[in-house]
Amino acid sequence: MGYFAEMLKREFEELNVEEVYTTKLGNRDIEILEVSVYGTKFLAMFQSEEKKHGLYLWSLIITSANNTRTIQGMDKLDTLKMRIKENVRAIMEGMEKS
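Note that this note's numbering has the sequence shown beginning at 226, numbered continuously upward.
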């Protein structure tokens, strides 16, 4: 499993994470996951590439039946983790209310 899948499993124990596709294109890591929670599923595609001075260029697309979020940025690893957790939590809350 890739970094993103491992992070989701560690931070959100209620998620069932299945890896669909993982690859490396040059220096860029790409993961596509199918995630189940509250009886529904969402797909997540995460891309990251380490740049200079511990900065990561990254993007995350999360798609559920009712919502799609696309976020991207260039952050240090701790900020990247925080932004991912916030957005995954928001998607989960939306799915729980559905």
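Here a beta-carbon is modelled for each residue, glycine too, at the ideal position from N, C-alpha and C.
Throw me the rounded Cβ distance for the L258 and F229 pair, which I believe falls under 8 Å. Numbered from its first residue, the sequence shown carries residue 258 at position 33. Numbered from its first residue, the sequence shown carries residue 229 at position 4. The pair is a contact, with the Cβ atoms about 7 Å apart (cut-off 8 Å).
How many angstroms separate the CA atom of T247 from the CA atom of G298? Translated into positions along the sequence shown, residue 247 becomes position 22. Translated into positions along the sequence shown, residue 298 becomes position 73. Roughly 20 Å separates the two Cα atoms.
Go through its chain and collect everything with a Cβ distance to E239's Cβ below 7 Å, but skip five positions before and after it. Taking the sequence shown and counting its residues from 1, the one referred to as residue 239 is at position 14. Excluding residues within five positions, the ones whose Cβ falls inside 7 Å are V262.
Which residue or residues does DSSP assign as beta-bridge partners of N241? The residue given as residue 241 occupies position 16 in the sequence shown. Per DSSP, S261.
With DSSP as the reference, label M226 as helix, strand or coil. The sequence position of residue 226 within the sequence shown is 1, counting from 1. DSSP places M226 in coil when its eight states are reduced to three.
Go through its chain and collect everything with a Cβ distance to L280's Cβ below 8 Å, but skip five positions before and after it. On the sequence shown, position 55 is the one that residue 280 refers to. Cβ within range, chain order: M299, D300 and K301.
A290 in three-state terms, based on DSSP: Within the sequence shown, numbered from 1, the residue matching residue 290 stands at position 65. Here A290 sits in coil by DSSP.
K276 in three-state terms, based on DSSP: Start at 1 with the first residue of the sequence shown, and residue 276 comes out as number 51. K276 falls in the coil class under three-state DSSP.
Do I296 and L285 have their beta-carbon atoms positioned less than 8 Å apart in this structure? Locating residue 285 in the sequence shown gives position 60, counting from the first residue. Locating residue 296 in the sequence shown gives position 71, counting from the first residue. Yes; because the gap between Cβ atoms is below 8 Å, this pair is in contact.
May I have the straight-line CA-CA distance separating N292 from I316, to the nearest angstrom? The count along the sequence shown starts at 1 and reaches residue 292 at position 67. The count along the sequence shown starts at 1 and reaches residue 316 at position 91. When rounded, the distance between both Cα atoms is 8 Å.
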